[in-house]
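In the numbering used here, the protein residues as written are 14 to 996.
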């Protein structure tokens, strides 16, 4: 690893510098006449101490010069810098053999200075090095007064005693020692990452680093222990860890300063002090929080960085609506939310009746009055009330509250609602009795008045399972005072009440009567579960009973299953055909064999992976012909192709649901017979040849695949019809999920539509079985993945599960609402993957209700555990169908944006109208926009569908694509404006 030194002050500490000594040096020479000490004065009248020796004419020279005692201080090794001149021996005549051009450096360690008179013993000194000159001078240089000065530095150590001497040995050279400097290196004290590091001396081992821990500066605290490493050259290396400024302080110029009044800092860190949020202030220095202004509050769970808020104003425009079964209250949100988004509503009720004196007396409403979904803690802006008295006066109080309402005064809106059931009079139905019951049916009859004031047109019987009171009623009508109610659950208690419809309208309901079905029976059909209103947030809680009912129902229905694959619970689960040693056995077990002579082929309707797909009729003796689709395996097939072809039949044969494509049977065992072949011009031909035809026969779906069906009928269906198609897919997928089965390729192209617009799940070629745990995920082992329909975890890790199918269902919903538009349009698969990872989700198609797009986004949650289950989705769609008012608000009419800009997806910003249209493949309309005066992106952000039509864009598909993109831009502009920037 490369260690880059940090730049600090000079790390050198000088122990001796002969040029700075003012007095005598008192250095010793041995022998006395060896080295000569010469002191001269420089230009500033300072002494210059030099030592010279030049006994080159004599043999065997051994002249020593010893310094005074030098204290090492903290040094563990020192450096000696020598500045000297040396004469070239060749320039001195008659000295051949006696002249040298080097001298030696020695040192001696002692704890104390040597006593005066101590005998000099050269053997006590350790040699450091032999010093040679890089440049030497000659006689000519002396005449020109040009001396060539040499500088050499040597390292001395390691030093272990308190001081040392230096010694210089001359062995016959002509030398002038101009100066001697002794110093050592250290890492000087420094400030780094809000920590102070002291002076540090390197180790005596020059190859190792010294680890030094720093101390945080005042008003700072350790985040990670701050460390630096001191190198041998006095350089600080490898900074690690750091300190952060404590609460109420911010970093400035390497120190932690207090926050000024009006600012605060609630947590330790190196962020700056923040200005007090809206409606709060701080008056002291080093504030850790800002206090709310009068009338504003902060909830206990609110962070100190959040603005102070206040309770909301009253809800607005509270209105009531009564239909045949329920009283509905609806209101608008408060005009002032108090600066918060956590608004909920409470509905309080009083019943006000007239007294004998003509006044009004109000009491709390009767306890059996039912609120759907509940009276308190509502997040929506409507509620349904059931089981109210008729006629009666009710006062409903709607209260808006938020997270700080308990700290202030809640605002209320009141309205008096009079309920009278069309003034048709009291109930005309008396006692209801049970005539007989079976496991799934109850026969009822009731008494009626002998002389009713008005003619009775018919009766309405309303009923619900007692254990499922939080779900809405089912109902049936009859012209007689009796009825047989079917489709009930065995051993279950149901609540019934009846009202009459006269020529003046409906009467009041009769009293409630409870009857039970008999036990020990097979459920023919699960109880139909409905709801009185749309409550997306609470759908799971309200549908728990429904889910349990479905599971119990399926437990009774799933009996056609071999014992080796029935789990302990007794509920039928899917069996993977690949688990059979002989795949033919799976086909024989789950698919009915059909005589090919019973099949009449009419025409070719498409081609599949293995051969042609034809339409035709299945002739069954004693029954009418059945329209069927026939998948054929092309001639010359290999055995493994036959096995793969029949695998789908062994899968479909295990399913029995009205929203799963029904398998009529297979043709596998015929031997020598006349094969059917169909020409490309749809002329039926018979080729008599020896063959073994292999076919899969399924029910015929007249309208084909859902995506192409919608594309050819763009804009021709109501939203409610489209929701009905989604519901059919959800029913089929809920059935598969309950069986522990993962589809893996759920897409509109794999949904088939019959002549009654019933949608059925098909194409099980990519499907795989789940583990025993129905929530477990299957790990893919290969094969192509439909990227645009597949959940992120399945793309990234090959993890398929029922909730990854839920993601795909959200894409199917988008396909339905966009009339078969291609998901993510012309984006490449890689761009789709990257955009999903960055949080991008498909915008709502044009004309899509807000509630449906919210369900799509719920299905597209990144965390699989946060997605709904198919049973929850089905419950949600049921409520929409029963109460279509939840479909009235369209996304392109809604201007409600998320409160947090962080929740907004990132959409690309385009430079011009042209760039934007190019990005959505609509560049042919550039002139339309420019001619109409739309030249900037913010000018188009308010465009509606009518505006798009007005500028000459007539194709519905193009209108839809442009509106969807405008919605995305509108969200982005809102995000930018919330962040404080200008578009």
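Even for Gly, the Cβ is constructed at its ideal location relative to N, Cα and C.
- Of all C-beta pairs linking the stretch 307-320 to the stretch 338-350, fewer than three are shorter than 8 angstroms, placing the two stretches out of contact.
- Ranked by how close their Cα comes to the Cα of residue 301, the residues 279, 321, 293 have 279 in first place.
- Using a Cβ distance threshold of 9 angstroms, residue 414 and residue 325 count as a contacting pair.
- Taking the Cβ atoms as the reference, residue 90 lies roughly 3 angstroms from residue 170, within the contact range of under 8 angstroms.
- Under the criterion of beta carbons closer than 8 angstroms, residue 855 and residue 736 do not qualify as touching, at roughly 18 angstroms.
- Rounded to the nearest angstrom, the Cβ distance from residue 181 to residue 78 is 4 angstroms, consistent with a contact under 8 angstroms.
- Taking all protein chains shown into account, residue 507 has 16 or more neighbouring C-beta atoms within 10 Å of its C-beta and is therefore buried.
- In this structure, DSSP gives residue 642 an extended state, which the three-state scheme calls strand.
- Taking C-alpha positions only, residue 942 is separated from residue 858 by approximately 21 angstroms.
- Residue environment analysis places residue 298 among the exposed positions, since fewer than 16 neighbouring C-beta atoms fall within 10 angstroms of its C-beta.
- Counting the other Cβ atoms within 10 Å of the Cβ of residue 802 gives 16 or more, which makes it buried.
- Listed in chain order, the non-local C-beta contacts of residue 363 below 6 angstroms within the same chain comprise 375, 408, local neighbours out to five positions each way being set aside.
- Distance from residue 112 to residue 185 at the Cβ level is roughly 6 angstroms; contact confirmed, criterion being Cβ atoms closer than 8 angstroms.
- Here residue 45 is exposed. Its C-beta has fewer than 16 other C-beta atoms within 10 Å.
- Judged by beta-carbon spacing, residue 28 lies within the 9 angstroms limit of residue 88, meaning their Cβ atoms are closer than that value.
- Looking at the DSSP output, residue 926 sits in no beta bridge, so it has no partner there.
- Setting aside the 5 residues that flank it on each side, residue 707 is surrounded in the same chain by 645, 646, 650, 655, 658, 659, 679, 680, 681, each with a C-beta closer than 8 angstroms to its C-beta; the list follows chain order.
- Residue range 863-872 is occupied by the alpha helix (DSSP H) that includes residue 866.
- Residue 642 is positioned such that its CB atom lies no closer than 9 angstroms to that of residue 738.
- Here the alpha carbon of residue 242 sits roughly 25 angstroms from the alpha carbon of residue 265.
- In this structure, the alpha-carbon of residue 445 lies about 11 angstroms from that of residue 496.
- Rounded to whole angstroms, the Cβ separation of residue 755 and residue 862 is 29 angstroms, and the two are not in contact under 8 angstroms.
- Residue 588 sits close to residue 667, with the two beta carbons spaced by under 9 angstroms.
- Counted as a single uninterrupted DSSP element, the beta strand (DSSP E) harbouring residue 491 occupies residues 487-491.
- The Cβ atoms of residue 392 and residue 350 lie no closer than 9 angstroms to each other.
- DSSP links residue 329 through a beta bridge to 345.
- Along the stretch 167-239, the beta strand (DSSP E) occurs as fully enclosed runs of 3 or more residues at 176-183, 187-198, 203-205, 208-210, 223-226, listed in sequence order.
- Remark: C-beta atoms of residue 105 and residue 141 do not approach each other more closely than 9 angstroms.
- The secondary-structure analysis by DSSP pairs residue 67 across a beta bridge with 187.
- In this structure residue 166 is exposed. Its beta-carbon is surrounded by fewer than 16 other beta-carbon atoms within 10 angstroms.
- Nearest in C-alpha terms to residue 885, of all of 467, 816, 959, 474, is 816.
- Residue 232 and residue 209 have their C-alpha atoms some 13 angstroms from each other.
- Collapsing the DSSP output to three states places residue 745 in a helix.
- The C-alpha of residue 459 lies about 10 angstroms from the C-alpha of residue 523.
- Within the same chain, and ignoring the five residues on either side of residue 440 in sequence, the residues whose Cβ sits closer than 7 angstroms to its Cβ are 512, 520, 521, 522, 523.
- Secondary structure of residue 53 (DSSP, three-state): strand.
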